[in-house]
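Undergrad:
Number of protein chains: 2
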Amino acid sequence: MSDIPTIKEIARQLNVSVSTVSRALNDHPRIGLKTKQAIQNLARELNYEPNPKAIFFKQKRSFVVGVILPLVAEDFFSKGISGIEDVAMQHGYTILFGQSHDSIEKEKAVLKAMVNQRIDGLLISLSKETNRYEHLLALDKYNIPVVYFDRVAPFENVGKVFCSLEKGTTQMIDWLFKQGRRRIAFINGPDEIAASKERMAGYIEAISKKRLKVDMQMVERTDLSEEGTREAMEKLLNLKKPPDAIISFNDYVHLDAVKYAVHKGVNVNEDILFASYANISANKYTAYPPVVSLDQFPYKQGRMAMEMLIDILDQKQSGTYSDALSFNKIEVPAMLVYN
Amino acid sequence: MSDIPTIKEIARQLNVSVSTVSRALNDHPRIGLKTKQAIQNLARELNYEPNPKAIFFKQKRSFVVGVILPLVAEDFFSKGISGIEDVAMQHGYTILFGQSHDSIEKEKAVLKAMVNQRIDGLLISLSKETNRYEHLLALDKYNIPVVYFDRVAPFENVGKVFCSLEKGTTQMIDWLFKQGRRRIAFINGPDEIAASKERMAGYIEAISKKRLKVDMQMVERTDLSEEGTREAMEKLLNLKKPPDAIISFNDYVHLDAVKYAVHKGVNVNEDILFASYANISANKYTAYPPVVSLDQFPYKQGRMAMEMLIDILDQKQSGTYSDALSFNKIEVPAMLVYN
DNA sequence: AAAATTTAGTCAATCGTTTGCGCAAGTTTA
DNA sequence: TAAACTTGCGCAAACGATTGACTAAATTTT
Chain R
51 MSDIPTIKEI ARQLNVSVST VSRALNDHPR IGLKTKQAIQ NLARELNYEP NPKAIFFKQK
111 RSFVVGVILP LVAEDFFSKG ISGIEDVAMQ HGYTILFGQS HDSIEKEKAV LKAMVNQRID
171 GLLISLSKET NRYEHLLALD KYNIPVVYFD RVAPFENVGK VFCSLEKGTT QMIDWLFKQG
231 RRRIAFINGP DEIAASKERM AGYIEAISKK RLKVDMQMVE RTDLSEEGTR EAMEKLLNLK
291 KPPDAIISFN DYVHLDAVKY AVHKGVNVNE DILFASYANI SANKYTAYPP VVSLDQFPYK
351 QGRMAMEMLI DILDQKQSGT YSDALSFNKI EVPAMLVYN
Chain V
51 MSDIPTIKEI ARQLNVSVST VSRALNDHPR IGLKTKQAIQ NLARELNYEP NPKAIFFKQK
111 RSFVVGVILP LVAEDFFSKG ISGIEDVAMQ HGYTILFGQS HDSIEKEKAV LKAMVNQRID
171 GLLISLSKET NRYEHLLALD KYNIPVVYFD RVAPFENVGK VFCSLEKGTT QMIDWLFKQG
231 RRRIAFINGP DEIAASKERM AGYIEAISKK RLKVDMQMVE RTDLSEEGTR EAMEKLLNLK
291 KPPDAIISFN DYVHLDAVKY AVHKGVNVNE DILFASYANI SANKYTAYPP VVSLDQFPYK
351 QGRMAMEMLI DILDQKQSGT YSDALSFNKI EVPAMLVYN
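Taken in order, these protein sequences are the chains called R and V. According to this note's numbering, the first sequence is numbered sequentially starting from 51. According to this note's numbering, the second sequence is numbered sequentially starting from 51.
(1) Can you find a C-beta in chain R that's less than 8 Å from the C-beta of Ser153 (chain V)?
(2) Can you find a C-beta in chain V that's less than 8 Å from the C-beta of Asn166 (chain R)?
(3) So, do the segment 187-200 of chain V and the segment 209-227 of chain V have three or more beta carbon pairs nearer to each other than 8 Å?
(4) Would you identify the three-state DSSP class for Leu186 (chain R), choosing helix, strand or coil?
(5) Under 8 Å, Cβ to Cβ, is there at least one residue of chain V near Ser298 (chain R)?
(6) For Lys309 (chain V), does the count of other Cβ atoms within 10 angstroms reach 16, so buried, or fall short, so exposed?
(7) Once you ignore the five residues that flank Met51 (chain V) on each side, which residues in its own chain have a CB closer than 7 Å to its CB?
(8) Would you list, in chain order, the members of the segment 88-110 of chain R that have their beta-carbon closer than 8 Å to a beta-carbon of chain V?
(9) Taking only runs that begin and end inside the segment 191-229 of chain R, name each unbroken alpha helix (DSSP H) of 4 or more residues, in chain order.
(10) Can you give me, in chain order, the residues of the segment 308-337 of chain V that have a beta carbon less than 9 Å from any beta carbon in chain R?
(11) For Thr144 (chain V), go through chain R and note every residue whose CB falls closer than 7 Å to its CB, in chain order.
(12) For the beta strand (DSSP E) containing Glu381 (chain R), name the first residue and the last one.
(13) Report the three-state DSSP secondary structure of Ile118 (chain V) (helix, strand or coil).
(14) Return helix, strand or coil for Ile330 (chain R), following the three-state DSSP convention.
(15) Give the residues of chain R in contact with Tyr192 (chain V), contact being defined as C-beta atoms less than 7 Å apart.
(16) For the alpha helix (DSSP H) that Leu286 (chain V) lies in, which residues bound it at each end?
(17) Of all the beta strand (DSSP E) runs that stay within the bounds of the segment 93-158 of chain R, which reach a length of 3 or more residues?
(18) Measure the CB-CB distance between Gly171 (chain V) and Thr219 (chain V) and report whether it falls below 8 Å.
(19) Can you grab the Cα-Cα spacing for the pair Ser340 (chain V) / Met164 (chain V), in whole Å?
(20) Quick check on Glu135 (chain V) - is its C-beta less than 8 Å from some C-beta in chain R?
(21) Which one or two residues does DSSP pair with Val269 (chain R) in a beta bridge?
(22) Can you check DSSP and say which residues form a bridge with Ala251 (chain V)?
(23) With a Cβ-Cβ cutoff of 8 Å, do Leu92 (chain R) and Val114 (chain R) count as a contact?
(24) Which chain R residues are close to Ile60 (chain V), counting only those with a beta carbon under 9 Å from its beta carbon?
(25) On a CA-only basis, which of R:Ala295, R:Tyr143, R:Asp152 is nearest Gly116 (chain R)? Give me that one, please.
(26) With respect to the alpha helix (DSSP H) encompassing Leu344 (chain V), which residues constitute its N-terminal and C-terminal limits?
(27) In three-state DSSP terms, what is Ala245 (chain V)?
(28) For chain V, check one thing: does any of its Cβ atoms lie closer than 8 Å to the Cβ of Ser175 (chain R)?
(29) Cα-Cα, which of R:Leu305, R:Tyr192, R:Ala325 is closest to Pro293 (chain R)?
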């Protein structure tokens, strides 16, 4: 029932003014040593902790940052948030958290709640549905900096940390080539999202470099549902010259693809080599893991994104902030993992 | 750059006092209809949102609740937090989030940060390491109610939502019995944690009910690491009469157990039926899913836990709060799922 | 010894919002 | 028509912490 102690309580007990207490706790030089120590001792004794809500008034900082992810049930994001959280904690920031569940409406609702709570900054991975950006651009008005993580916005002059999969895709195809595969198929994600475009660019580049022509029959598309992936697989397996390697958009698509392949009697990873992105932990337990997978280091990316955001916040505070210098774009290289 | 509008700004523009604006926005009866509407219209126009940090001063509520989970990478918790979040949002609460990573030190650190941010309440699933409770009991002093979720504290008079696995375990064993299995082994988790005790109680009850004596050779223990599970399996398979069914502490243990069994040439789910708890989504993709699994409905439990917490907060606010009435213990029944 | 400077502290305003109290009109009751 | 309410609104304090301006005492300088 005893309340959280305040600066006033300390002042009362020591018979000094609140300003003296405040200055003593902030180690202001104008406070005498004895007074300062008496105050600091009592503060320690009472377990005094400053009230961030009160400080917010004066300093206009809450030391709270918003984090919006599509859904933590996905392995990539659950690892990402650990990195995000660790860095935030280290720097004394706390996290307001919400999931968009890949709905733009939910994304807006969560964001609104966070703005109302007066977050200092936002770290977000966009929902798949997000194709309008007013709600995010509006943050500029409120002076809330944004760093995009993995699913980044398509405009410049904002903070971004992501993993360019273009080069990684090229590496993956080079490796499949070395295994003697030539009919390398690709089940890509929805055309609209940036992740699909990157992968496609890498695919085309790699195939072209081999001086082969890109056979568009080898490229299918899935809406990431099991059904969508099944349809894509159906088309690929029914080709008169079916593929000898299949790259899936991610490990979840891979699982659905392999499920169908097994159903159709394909000798998985022999007749057809399967490759994928993301490297979910469950891979080591699945019946047919991809032969090669492209790790995107979500924990590391999460750390970097939060570090970037905190940098920006610190610069804003110290007045050394400038759009041009502070908004970085970090491309984390992806890495092949052989299973 | 335009700042977030305040009540003052509205007062200035309409040439009334701030108190009038405040009352108008809160629909106070002493404000005239015309004035009230003019204020409400302008507020809508300016997109006014009250500043929760300021309200906190007067009302001592932040509309922020803390949520601490061991780690969202676990399927159970990632589903749980969705339920938690959905209910919180519905009631206008925002979530401060942190993971303990199953470390009591991290749990304390995260909790401290949340208390400093003045959360209204806490929803927590304890870390595996947590065997002392001072940091949680201290919340009482600060008048912060706690609801425990799944990994609950061992004392009474606090809110708890969890899934009693005792009955579920009994059901599971009954079912295995019906399949003709008699040598039903059990790989339990660490003795200290409540979850292990419950499962064990259910195991003993079920076996006893069948008028069989409990053979302690059939009960092994794992620290939940792959290595620990491997050792447990080794002992079970080396028995002169090895088991014809194995129940694992959860699906992760199951995966490790099955991996070892396959390695030893066991005909999984024929020679030995495998059963487990938790029902992770990845099950449908794994090579050897448990034949039967006990679902604990994490999303539903998450919802119920947050509903309980918000109830308590509302009661505190309205003064109708009383320890005895408000702290509930909800046992969600588990359900068998056949794969 | 008077003037100037340093030292150690207090006062009061401020941030955004709520709320008890007061006050001046207008309206009803006796 | 005076007394008693009612209606509609403003004043000012309060919440916790910070900070520029100020003051009184102690110390140094001339």
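All C-beta atoms, glycine included, are put in the ideal place defined by N, C-alpha and C.
TA: So, from the data block:
(1) no
(2) yes
(3) yes
(4) helix
(5) no
(6) buried
(7) Any answer about Met51 (chain V) is weak, because its pLDDT of 42 lies below 50 and its placement is not dependable; what the coordinates show is given next. Closer than 7 Å at the Cβ level, and outside the excluded window around Met51 (chain V), lies no residue.
(8) Look at the segment 88-110 of chain R: the residues with a C-beta under 8 Å from a C-beta of chain V are Glu99, Pro100, Asn101, Pro102, Lys103, Ala104, Phe106, Phe107.
(9) Qualifying alpha helix (DSSP H) stretches, in chain order: 215-228.
(10) Val308, Lys309, Ile330, Ser331, Ala332, Lys334, Tyr335, Thr336, Ala337
(11) Leu146, Ala163, Met164, Gln167
(12) It spans 379-383 - the beta strand (DSSP E) in which Glu381 (chain R) sits, taken as one unbroken run.
(13) Three-state result, Ile118 (chain V): strand.
(14) coil
(15) Those within 7 Å of Tyr192 (chain V) in chain R are Ile54.
(16) 276-287
(17) Runs found: 114-119, 144-149.
(18) no
(19) The question names Ser, yet the displayed sequence has Pro at residue 340 (chain V). For Pro340 (chain V) and Met164 (chain V), the distance between alpha carbons rounds to 39 Å.
(20) yes
(21) R:Phe236
(22) Answer by DSSP bridge pairing: none, since Ala251 (chain V) is not bridged.
(23) Contact: no.
(24) What Ile60 (chain V) touches in chain R: nothing, since even the nearest Cβ is about 16 Å away.
(25) R:Tyr143
(26) For Leu344 (chain V), there is no enclosing alpha helix (DSSP H); the residue is part of the beta strand (DSSP E) that begins and ends at 342-345.
(27) helix
(28) no
(29) R:Ala325
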